[in-house]
Structures are given as C-alpha cells and as structure tokens.
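The opening residue of the sequence shown carries number 5 in our numbering; numbering runs sequentially from there.
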Amino acid sequence: MATVTSYGAARVVTGSCHLLQLEDHTKILIDCGMFQGKEHERNREKFDFDPALIDYLFITHAHLDHIGRIPKLIKEGFHGTIYTTEATRDLAEIILLDSAKIMKEDYLTQYRKAQRRGKEGSVPEPLYTEEDVEETFNLPWHYCTYDESVEINDILHITLRNAGHILGAAFIEIDYIEAQTKQRIVFSGDIGNNSHIVLPDLSTCHSSNYLYIESTYGDREHKALKGSIEEFKEVIRSTINNWGNVLIPSFAVERTQEILCILKEMFDKGELPQCKIFLDSPMATRASEVYKKHSKMLIPKCQTFKKKEGSIFDFENFIFTLSVEESKQINEVERRAIIIAGSGMCTGGRILHHFKNRLWNRKNALIFVGYQANGTLGRTIVNGARSIHIYGEEIMINTSIHTINGFSAHADQSHLLSWIKKIDGLQKIYLIHGEEEKQVVFKDAIDRVLDNRAHIVKENELIHL
Ligand code: ZN
C-alpha cells in the first residue's frame, strides 16, 4: 500500500517536505523546503529519512519554503532526478543562490562577533554554500510543461498543472498503479488566488483519489483584488502629484512583477503622472528576467506589452539599478520617484537605505503590498511605530503608511473550496502547509461540503493511502 509521510509543513506553514512511497518501494519526495521564522533552527536537524534512497524529487514551485533545503538534501546523499517546470528551475537558482549568500553573510557577522569574545568555534557553519547550490543544478532535471503527462516508468506518470501562484508553480497529479488499479494523488503546492495581474487562472483538477492541499488562508476570505489595485493607484497618483516619492518594499518574485505590470498599465492608459520608477533590487531584476524568458506562461495582457515594447517590463520610466553606486544615485532624486526594493518585510536589503533617506518626509508615501510577519520591521511600522532605528540611527516616520491587503498569492477559503469541489472521486483530503488553528477552520468548511473527508496531517504521521 502506498504511504505518505510529511516531514515539514505539517501544522506549520514552512518546511514543505512530503515523502510518497509506492507499493514497489519507489520513493518520491515532493518539495524540500526551508523552515522559516521561529522554526528556522530546525533546518539543521538531520532528515528523518535517508536522502540517498529517494528516487525522485518533484518540485511544486520555487518559493524558499518549498525548495530551501534541496542543496542540503543533495549534500546528504540525494542523487535522483528532479521534475519541475523550467521556470521553477530558473527561479530556484536565483532564490537558492540568494539564500546561500544571506547565510554566508550571517555566518561571517556571527563569526566576527564570536571572535571578539574568543568563541569563534561555537558558530555553526552555513547550512550550505553557493558551491552546494551549483551542485544542485548539476543533477538531472526534467522539465515538465503544464498539462503534459510525463511517463516516469511503467507504473508512474505525472502531470503538472498551473497552480496560478507564482511563475512556473504547479499542482502535481501523480498517477500510479497499485494492485493493478490506477490511483491518483495530487499535491497542490501553493494555490493562487486568480490574480489576473500576470498569471493565468489556476487550472482545474478533474479527478483524484487523494489530495494534499495547502491551507495557508483556509480560514478567511481576501479583500477583492480590484479594489486593492485602485487603492494602490490612488496612493501613487496623489503622492506623485503632490511632488512626493513612493516607497514599496516588495518580494522579488511575483509581487514585484505584478507591481511593475500595474505601473506599466497606468502609464499606457495615461494614468501615471510624470515620474521615475526604480527597481532597486538585483534579485527582483534577475527574477524579472526569468518572467521575460517565460513570458508565454503569462496572461495575454503581458504578451501585448511584449509585442509593443519588445519586453514585458521595459519602458522609458523604468530604471533597474543593479550596482550599489546606481542605488546610491537614487538618493539624489528629490521628488516624483517610485522606489521598489527588497526585502519584502524590511528585514534587510536596500529598502532600509531608502527608509533612512525618506521616511522622515511627510510628502512621501510607504505602501506595503505583502504580508508583514510578526517580529519584522515591516510589521513594526504597520503597527504604528512613530520612529524606527536603522543602522543605529533613529528615523522619524512622517510619511503616510498604506497597507494594501488584496494582493495575495494564496487562494482564500471559498476559492480553495470551489477548486476542491470540482475534483471527482476524492476519498480523502489531507491538509498541510497551514497554521493549526486556521486548518481547523478549513477542515470544518471542507467537512461540511464533503462529508468529513478532511484530515489535518501531523508531522511524521505515516498515512496509508
Ligand atoms: Zn509559495
């Protein structure tokens, strides 16, 4: 009998890692993500399975909580084939290299501090290095296109379908034969919210025996996207018309490209006042290149941009600042600038320099377009701090602060339910990738429409399909 064991993203949101073992002992790992936030230290723990015995790794999408431990998996013996979309592979390279770079910088900072205390031996090495990330891309990767059935062996086929979450993201239908009977299990990865800004809608899953589904926002409904876009445009227009500047902390993948598309559309429609737009994030610039490379996967509006300007994100007002010198030059622009920079939750990166230079000025605006986790600088500002400390200096916050809640890359409860309801033949639904109290609400909602077929997965729980 096939089994699944979840080694992460069980009653928590991060560390996605699920092991499917078929009757013939084929072992398939679905995602190998990093634990983030307060679970972070768990990344150092040994895997509860032998990575050398895993035959295949299927990746749903390139977010760090789904791919962040892959170099560690390889360091510890995995040498099988990786199946995913080419766009996910391209984004994964950017994200994993950035992750290795951040870990190295953290390590060096901790090391120097420990050295001053004479305790440098106590600082743990980074989880993996840039060289380990390069090794990851030396393994065999098989690129799947959406809706194409890929035969892995006589009894195992997979189909990746558009999850509408970030570029390249897929839910994975795994077809296998057990006791001469065809079976299907689906791993949702993260499911998108029909954003219509850059990605086509989530595809339908027509049938499956079993479903492992994310439940990040299984307890709530999102604000309507259309209203959020209008709110965003209004802040841009009023601030720029008032000779101010707009600061936008943004995640490098997907949210940044969505913001660029909205700004480009405003420009095309004559809604954007004269201004300069700086994308001051080398990582977001690299991610945007991947979006350009795979532009056929985007909605027709983005294709039109490409036809008109030769590229999706380029137009005369966009300036991509890669070097530190170029970034510093933005400081000389006194007014009418829109600055998009990382990190998305303001925990580091170039956005801090822009905060230092511009948060004191009441003509400016700060727009949050993504979730700000507890304990981050972003959350401190959203919660109403009057001043913050950046590089040891106190900075007053006089800008107007705007939190736009409708830009979510995750489906809300009704969207998840309507997707599930279209799946024929579901015997059991397993909830993963969510905080437990939210999963309880989502389970109740599923059980009401699908007669108690939902189960909240525990970590290391062996599920017999
Ligand atoms: Zn994700």
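In this text, a Cβ means the ideal position worked out from N, Cα and C, and glycines have one as well.
Nothing here was measured: the structure is a model prediction, and the numbers come from that model.
Chain-ordered list of residues that sit, by beta carbon, closer than 5 Å to a heavy atom of the ligand ZN
His67, Asp194
Alpha carbon to alpha carbon, what distance is there between isoleucine 189 and isoleucine 467?
12 Å
With DSSP run on the structure shown, which of helix, strand or coil describes glutamine 187?
strand
Pick from Asp54, Arg165, Glu336 that is closest to phenylalanine 191, judged by C-alpha positions
Arg165
With hydrogens ignored, establish whether the beta-carbon of lysine 237 is closer than 7 Å to any heavy atom of the ligand COA.
The ligand COA is absent from the structure shown, which contains only the ligand ZN.
May I have the straight-line CA-CA distance separating lysine 85 from leucine 276, to the nearest angstrom?
As written in the sequence, residue 85 is threonine, which differs from the lysine given in the question. If I take the Cα positions, the gap works out to 47 Å.
Anyone know if the C-beta pair for histidine 161 and aspartate 179 falls short of 8 Å?
yes
Are isoleucine 170 and glutamate 258 close, meaning C-beta to C-beta below 8 Å?
yes
Which term fits valine 373, buried or exposed, when burial requires 16 or more other beta carbons within 10 angstroms of its beta carbon?
buried
Can you round the beta-carbon distance between aspartate 416 and asparagine 197 to whole angstroms, since I take them to be within the 8 Å contact cut?
6 Å
Enclosing beta strand (DSSP E) for lysine 31 [first to last residue]
31–34
Candidates Leu267, Gly72, Ala449: which alpha carbon is nearest serine 219's?
Ala449
For isoleucine 281 and asparagine 321, which I take to be in contact (beta-carbon distance under 8 Å), what is that distance rounded to the nearest angstrom?
5 Å
Taking valine 250 as the reference, give the member of Asp35, Ile342, Tyr216, Arg48 with the closest Cα.
Ile342
Look at the alpha carbon of serine 285 and the alpha carbon of isoleucine 233, and state the distance between them as a whole number of angstroms.
22 Å
Might you give, ordered along the chain, the residues of its own chain that have their beta carbon closer than 7 Å to the beta carbon of valine 453, omitting 5 neighbours on each side?
Leu421, Lys425
Assumed close pair phenylalanine 411, glutamate 262 - CB separation to whole angstroms, cut-off 8 Å
7 Å
Taking buried to mean at least 16 other C-beta atoms within 10 Å of its own C-beta, is glutamate 45 buried or exposed?
exposed
If we call anything under 8 Å between Cβ atoms a contact, is glutamate 403 one with asparagine 365?
The sequence given here places threonine at residue 403; glutamate does not occur at that position. A contact, by the Cβ cut-off of 8 Å.
Is glycine 37 buried or exposed, if buried means 16 or more other CB atoms sit within 10 Å of its CB?
buried
Three Cβ pairs or more, each shorter than 8 Å: is that satisfied between the stretch 109–120 and the stretch 68–82?
no
Round the Cβ separation of alanine 66 and valine 239 to the nearest angstrom and send it over; I've been treating them as touching at under 8 Å.
That pair is no contact at about 30 Å.
Of the residues Glu27, Thr384, Asn387, the one placed nearest tryptophan 183, counting alpha carbons only:
Note that residue 183 corresponds to alanine in the displayed sequence, not to tryptophan. Checking every option, the nearest Cα to that of alanine 183 belongs to Glu27.
Those residues which DSSP pairs with proline 253 across a bridge:
Ala345
Starting from aspartate 223, trace the beta strand (DSSP E) in both directions and tell me its first and last residue.
Here aspartate 223 belongs to no beta strand (DSSP E), and DSSP marks it neither H nor E.
Where does the unbroken alpha helix (DSSP H) through arginine 452 begin, and where does it stop?
440–453
Under three-state DSSP, which class holds histidine 357?
helix
Going by DSSP, what residues sit across from serine 242 in a beta bridge?
According to DSSP, serine 242 bridges with nothing at all.
Counting only the same chain and skipping the five closest in sequence on each side, list residues whose C-beta sits under 6 Å from that of glutamine 431.
Asn213
Buried or exposed for valine 328, going by 16 or more other Cβ atoms inside 10 Å?
exposed
Roughly how many angstroms lie between the CA atoms of threonine 325 and glutamate 124, to the nearest whole one?
36 Å
Grouping DSSP H, G and I as helix and E and B as strand, with all else coil, what is valine 294?
helix
Return the chain-ordered list of same chain residues with a C-beta closer than 6 Å to the C-beta of methionine 400, the five sequence neighbours on each side being excluded.
Trp364, Ser391
Apply the 10 Å Cβ neighbour rule to asparagine 387 and answer buried if 16 or more other Cβ atoms are within range, or exposed otherwise.
exposed
Considering only C-alpha positions, which residue in the set Arg93, Ala377, Asp69 is nearest to tyrosine 295?
Arg93
With 16 other CB atoms within 10 Å as the buried threshold, where does aspartate 35 fall?
buried
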